[in-house]
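Asks: First, the structure itself, so that you have it in front of you.
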């Protein structure tokens, strides 16, 4: 099902650009409620990071007419790996060519998924250098612990909507060299979701079938990790106090067993705060766990039924009429 | 300081063989107090694992005259990686040749560190297959959560004592292809400790200078991970109830920031229960964090002074007279 | 709304007798899954307790034709308080007279609520004396921490169903001397639930309107407390592994802010594992928090909708046809 | 050993006045690092509270030449209880008479301990009314969760130094009507410490023998409670980041089993952040747990040795020369 030769070209998921029609409110959400730190600003964009993200940014927040994902990026393991992977992508026909980079990183190779999501890969990066007031007490930490809001630690994973899970999964495996760790296979033989990784995290990207089967690069959510399930619960307390819309959770996913909590940031994008516990993907020959339709109907790990909006809502939003 | 070409030959730390002069008591400790599960038995050895370890075993407990480490092993990422890495080791002059394997895994290449620790690498493995009573509710989990004792989840890392940290570090980097993430450099220019990894965990093996500078392959401790710091605290409660000697902790290390707890199992080997939180080593070009002598004198993260025995005690024990 | 003279006659909720048609399975549930300890046995009953319950028992499990509550009891603060309170109850017309006591406690005054729930109050009690294998390491603890199952610590509170919340609330306040800390008042002026306490816990007993308005002393649930919200989450993991039916949760109640998890024990009775955090009722003049119908429609604290069965199911069960 | 008639006159420990020679720095510590909220200001004093403290304040911070305790206060259970208790104190000869009250509460009866600590009792109080920006989402909570610093929830207990533990214990029991729950009795028959309560918390006040046997009303520490042990660990992370001196902990006390963490606020007063878990004192006839000298030499629950300063340092400081 997946290629037997494992690639080590991509080091990790690096950042996401979120588009927001309410840039000021979105910024306040990410700084005050999520507890993130702004490291820079350029044009219509603010660059943000969790307190233990080592790069200049993991979130680029860009003012826009509509919510959605501007692009997302992976960092390569070396300059050679970047060149190699760019060549493979080029060959797939979905390459868009080299771009100059951005605040925080160097030259990047741009491409799209079969659904039209904008992706980039790059190697040269700028490590975050905390200003005096944000220097950590321990030198092996990127920044001082903020002790503000949900205190999210680091970017964890992305979730995309796709018109065809199987096609996107093959793209992720064959073109990007990611490994599929879990997937959902419906009774009718159609794949409903897949989780892929390039690290020892059990997934760096997830994607599920778009309810509207819109192949317009829709975004489902971005996830920031905290250290414990208790941190997720505390985040829920904080979202409640700030009037942030909690869509579902906290609860434990059956798939991947992540302890999750989903909210909508003011611009309309779905954001997750999550904890994987000590779960890691260490086996080099892990075979995808395949969940059946019957198994998925049991709901989340402890029985919570998935709310309808989780299956239908993404950004940019698609109206039923529009389809 | 470290080679710029990163190796992906070794997938992860796989298991350790501990020698114990009190095999029955040690077994009860690992099963009843640590919450591990015995998967097999052969000769003088019992094979054990944490509830989320995917292989047949991560701990081989072998009756012996004295405590200590029998051997430890890494799993390679592929058959080709195994062959390649074996060849590199062979060339180093520390190879001991291929051995037939063991319960739970196939053919292995054996070698020693410059200190004489016995190591092995292998690829072919036996995935753990839980008997009916231990099948998990969720199919993406190796075994049912035991709900017994400290419920350790998975093997995390090993700590070895060495006569010369610098020599062992170069061996780990150059011969095994591991990356150094943190180290201690004394004012006199001698290295006092180093932490190396082959995964996105920030360390898979640590080693510190043997107080007695004994180059006899001494063992410092093996660590099992739990999901949260609260799980480590609960383990302390349980060790207290069972009369297990707590050497130090729970507390947070400054180096690597691991939340730790050290005890002695009945056979005399030091065992750690720990939680890293959501901390991962994602940067492909991480430069080692170098701690100075002055910094280390500050004690652990929150100020706890390191107990003397932590610097001197290892297995097999060395008496001052014996040196 | 409540009497201004606060009574100190009742020290705390002491125990509950649960009836079960599946006594062996129920016993295994409470011992293996909940982590409770059996302290004695007599006739068709087994006596059980959490590891920090100081009395001989807090749960009496009695074989019966149908699930439900046999009786529940409070311990008085002194022999004098017992006599005084018995006299007040006698006067209410709901007294049933003195009974000889039971395993674990002395003479008790029996009575019923207006709904027919059987209650008792007593003073003389037998402190739990752990056998050698269960002696705790710390002498200020009732018993060794079991490190088994959900490890519930102590009895926390009871929840009863009533045909008329207002009548039962006045009984609890005026006859038993409890204080109402929170309540639900519907738009039509009818009370839908109330929470009363005799301690610094914010509630020792809760009661809500019986969907069937059955005045037959129906039982909603009994709750055992654990130390943290993480302990509740771990209990959920354990219930899942044991195939125990999770009705709802873990989540946080808006009312009383308790972090909750509801399951059905094999006999059919609802059992809760919960954590109140550090919340206490310290104010001597606390005025009941009154929740409106609109507020309750928001669901639980973080938005979870209350499952239908939570409003309708109790023991003994009432069928719609039977009403 | 303790009076058999339990008093219910005092409802709970209400507040403490801390004196600080560095008022601005102390205020920043309590607001930014501890996460407390200032509710008022008068003269040289600022009034502060944890987010779930129901009264106007639980901490009065007063600029002064030296660190130490200005006074501490209990709230009575009723106006009648206040009068009754004042009369009992008057009779003891340690009464100082009625005072007008303060910001946040009404008329109080002032008195001293045999050591000269200033105490007050009162009934009339001002409930905290949060300004618009601090209104909580849930109406059964005193204030919005701050999501800032250590987020301490509520005042928990006080610890005083005394020249004679036995004398102060009898004062606490006989004159104030508190119950002793645990104590330390040295081999020479002298009491070294005692823990007393007027609530279902296992202690509201603790006192230990002053190393200098100074009968000058010295203060050891004030403790604020958080919801979990994880919250205490996070507080340690935050203190580390802010350069706050951590004296000892986090660790678990053997006596009372509190999970503790001690720091010095900038003015020099010792402050504790702690979690008792779900431990409560429910038994009306609890007999004091008496710890022997041998038992105390085992250190804290998990073996941590108590640091020397914990036995000698208090505020105002006493120099060895001064004694």
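Protein chains in written order, with the working numbering: chain A, 1098 to 1420; chain B, 1098 to 1420; chain C, 1098 to 1420; chain D, 1098 to 1420. Every residue, glycine too, gets a C-beta built ideally from N, C-alpha and C.
So if I threshold CB-CB distances at 7 Å, which residues from the region 1242-1263 of chain B count as touching chain C?
Replies: Flagged, chain order: 1242, 1244, 1245, 1246.
Asks: Which same chain residues, not among the five before or five after residue 1209 of chain A, have their C-beta less than 8 Å away from its C-beta?
Replies: Within the first chain, numbered from 1, the residue matching residue 1209 of chain A stands at position 112. Excluding residues within five positions, the ones whose Cβ falls inside 8 Å are 1191, 1193, 1215, 1216, 1314.
Asks: Please list, in chain order, the chain F residues whose beta carbon lies closer than 8 Å to that of residue 1395 of chain D.
Replies: Among the protein chains of the structure shown, namely A, B, C and D, there is no chain F.
Asks: Could you tell me which residues DSSP puts in a beta bridge with residue 1231 of chain A?
Replies: Translated into positions along the first chain, residue 1231 of chain A becomes position 134. The partner list for residue 1231 of chain A (beta bridge, DSSP) is empty, contrary to what the question assumes.
Asks: Just checking: is the beta-carbon of residue 1111 of chain D within a distance shorter than 8 Å of some beta-carbon in chain A?
Replies: Indexing the fourth chain from 1 puts residue 1111 of chain D at position 14. Not one chain A Cβ lies under 8 Å of residue 1111 of chain D.
Asks: Sort B:1406, B:1127, B:1365, B:1291 by Cα distance to residue 1245 of chain B and report the nearest one.
Replies: What you label residue 1245 of chain B is simply residue 148 of the second chain in a count that begins at 1. Looking at the Cα atoms, B:1127 is the closest of the given residues.
Asks: Can you tell me the Cα-Cα spacing of residue 1228 of chain C and residue 1112 of chain B, whole angstroms?
Replies: As a position in the third chain, residue 1228 of chain C is number 131, starting the count at 1. As a position in the second chain, residue 1112 of chain B is number 15, starting the count at 1. If I take the Cα positions, the gap works out to 39 Å.
Asks: By the three-class DSSP mapping on this structure, what secondary structure does residue 1242 of chain B have?
Replies: For this step, residue 1242 of chain B is matched to residue 145 along the second chain. Three-state DSSP puts residue 1242 of chain B in coil, outside helix and strand.
Asks: Measure the alpha-carbon distance for residue 1317 of chain D versus residue 1257 of chain D and round it to whole angstroms.
Replies: Reading the fourth chain from its first residue, position 220 is the one you call residue 1317 of chain D. Reading the fourth chain from its first residue, position 160 is the one you call residue 1257 of chain D. Their backbone Cα atoms lie some 5 Å apart in a straight line.
Asks: Would you verify that the beta carbon of residue 1275 of chain D is, or is not, closer than 8 Å to some beta carbon of chain C?
Replies: Start at 1 with the first residue of the fourth chain, and residue 1275 of chain D comes out as number 178. Cβ-Cβ to chain C under 8 Å: no for residue 1275 of chain D.
Asks: Can you grab the Cα-Cα spacing for the pair residue 1225 of chain A / residue 1239 of chain A, in whole Å?
Replies: What you label residue 1225 of chain A is simply residue 128 of the first chain in a count that begins at 1. What you label residue 1239 of chain A is simply residue 142 of the first chain in a count that begins at 1. So the alpha carbons of these two residues sit roughly 7 Å apart.
Asks: With a cut-off of 8 Å, does the C-beta of residue 1364 of chain C fall near any C-beta of chain D?
Replies: Taking the first residue of the third chain as position 1, residue 1364 of chain C is located at position 267. By this cut-off, residue 1364 of chain C is not an interface position.
Asks: Based on Cα-Cα distance, which residue from B:1122, B:1263, B:1230, B:1254 lies nearest to residue 1355 of chain B?
Replies: As a working mapping, residue 1355 of chain B is identified with position 258 in the second chain. Measuring from the Cα of residue 1355 of chain B, the nearest candidate turns out to be B:1254.
Asks: Based on the DSSP output, what are the partners of residue 1259 of chain D in its beta bridges?
Replies: Residue mapping note: residue 1259 of chain D aligns to position 162 of the fourth chain, counting from 1. Beta-bridge pairing links residue 1259 of chain D to D:1306.
Asks: Figure out for me which residue from A:1165, A:1139, A:1161, A:1186 has the closest Cα to the Cα of residue 1154 of chain A.
Replies: As a working mapping, residue 1154 of chain A is identified with position 57 in the first chain. Closest by alpha carbon: A:1139.
Asks: For residue 1264 of chain D, name the three-state secondary structure that DSSP assigns.
Replies: The count along the fourth chain starts at 1 and reaches residue 1264 of chain D at position 167. It is helical.
Asks: Counting only runs that start and end within the region 1315-1380 of chain C, where is the beta strand (DSSP E) found for 3 or more residues in a row?
Replies: Here the runs fully enclosed are 1316-1322, 1343-1349, 1356-1361, 1367-1371.
Asks: At which residue ranges does the region 1101-1169 of chain D contain complete beta strand (DSSP E) runs of 3 or more residues, listed in the order of the chain?
Replies: Segments of the beta strand (DSSP E) lying fully in the region 1101-1169 of chain D: 1107-1117, 1134-1139, 1142-1146, 1156-1160.
Asks: List the endpoints of the continuous beta strand (DSSP E) containing residue 1193 of chain D.
Replies: In the fourth chain, counting from the first residue as 1, residue 1193 of chain D sits at position 96. Element bounds for residue 1193 of chain D: 1192-1196.
Asks: What does residue 1335 of chain A touch in chain D if you count any residue whose Cβ is under 7 Å from its own?
Replies: Translated into positions along the first chain, residue 1335 of chain A becomes position 238. The answer, in chain order, is 1242, 1244.
Asks: Below 9 Å on C-beta distance, what does residue 1398 of chain D contact in chain B?
Replies: Mapped onto the fourth chain, residue 1398 of chain D falls at position 301. Those are 1333, 1334, 1337, listed as they occur along chain B.
Asks: Is it right to say residue 1353 of chain A is buried, meaning 16 or more other beta carbons lie within 10 angstroms of its own, or is it exposed?
Replies: Locating residue 1353 of chain A in the first chain gives position 256, where the first residue counts as 1. Buried, by the Cβ-count rule.
Asks: Quick check on residue 1282 of chain A: does DSSP put it in helix, strand or coil?
Replies: Reading the first chain from its first residue, position 185 is the one you call residue 1282 of chain A. Correct three-state label for residue 1282 of chain A: strand.
Asks: Counting only C-beta atoms, is residue 1374 of chain C closer than 8 Å to chain D at any point?
Replies: Here the question's residue 1374 of chain C lines up with position 277 in the third chain. Interface residue, yes.
Asks: Can you name, in chain order, every residue of its own chain whose Cβ lies under 6 Å from the Cβ of residue 1366 of chain A, other than the five neighbours on each side?
Replies: Here the question's residue 1366 of chain A lines up with position 269 in the first chain. Counting only Cβ-Cβ distances below 6 Å, and skipping sequence neighbours, we find 1115, 1164, 1412.
Asks: Whether or not the region 1383-1394 of chain B and the region 1360-1374 of chain D are in contact is what I'm after, with contact meaning three or more pairs of Cβ atoms, one per stretch, closer than 8 Å; do they touch?
Replies: No: the two stretches stay apart, fewer than three of their Cβ pairs being nearer than 8 Å.
Asks: Just the C-alpha distance for residue 1049 of chain D and residue 1234 of chain D, rounded to the nearest angstrom, thanks.
Replies: With chain D covering 1098 to 1420 only, the question about residue 1049 of chain D has no answer from this structure.
Asks: For residue 1372 of chain B and residue 1359 of chain B, I'd like the C-alpha separation in whole angstroms.
Replies: Translated into positions along the second chain, residue 1372 of chain B becomes position 275. Translated into positions along the second chain, residue 1359 of chain B becomes position 262. Approximately 12 Å between the Cα atoms of the pair.
Asks: Are three or more beta carbon pairs between the region 1282-1300 of chain C and the region 1335-1348 of chain C nearer than 8 Å?
Replies: No, the region 1282-1300 of chain C is not in contact with the region 1335-1348 of chain C.
Asks: Kindly identify the DSSP beta-bridge partner or partners of residue 1202 of chain D.
Replies: In the fourth chain, residue 1202 of chain D corresponds to position 105, counting from 1. The partner list for residue 1202 of chain D (beta bridge, DSSP) reads D:1199, D:1222.
Asks: What does the Cβ neighbour count give for residue 1375 of chain D, buried or exposed, with the cut at 16 atoms within 10 Å?
Replies: As a position in the fourth chain, residue 1375 of chain D is number 278, starting the count at 1. Classification for residue 1375 of chain D: buried.
Asks: Label residue 1106 of chain B either buried or exposed according to how many other C-beta atoms from any shown protein chain fall within 10 Å of its C-beta, with 16 as the threshold for buried.
Replies: The residue you call residue 1106 of chain B lines up with position 9 of the second chain. Buried, because 16 or more other Cβ atoms sit within 10 Å of the Cβ of residue 1106 of chain B.
Asks: Find out if the Cβ-Cβ distance for the pair residue 1133 of chain D, residue 1323 of chain D is shorter than 8 Å.
Replies: In the fourth chain, residue 1133 of chain D corresponds to position 36, counting from 1. In the fourth chain, residue 1323 of chain D corresponds to position 226, counting from 1. Not closer than 8 Å, so no.
Asks: In the DSSP output, what is residue 1254 of chain C paired with across the bridge?
Replies: Taking the first residue of the third chain as position 1, residue 1254 of chain C is located at position 157. Looking at the DSSP assignment, residue 1254 of chain C forms a beta bridge with C:1320.
Asks: Is residue 1214 of chain A near the ligand GDP, judged by its Cβ being under 7 Å from some heavy atom?
Replies: Because no ligand of any kind appears in the structure shown, any question about the ligand GDP cannot be addressed here.
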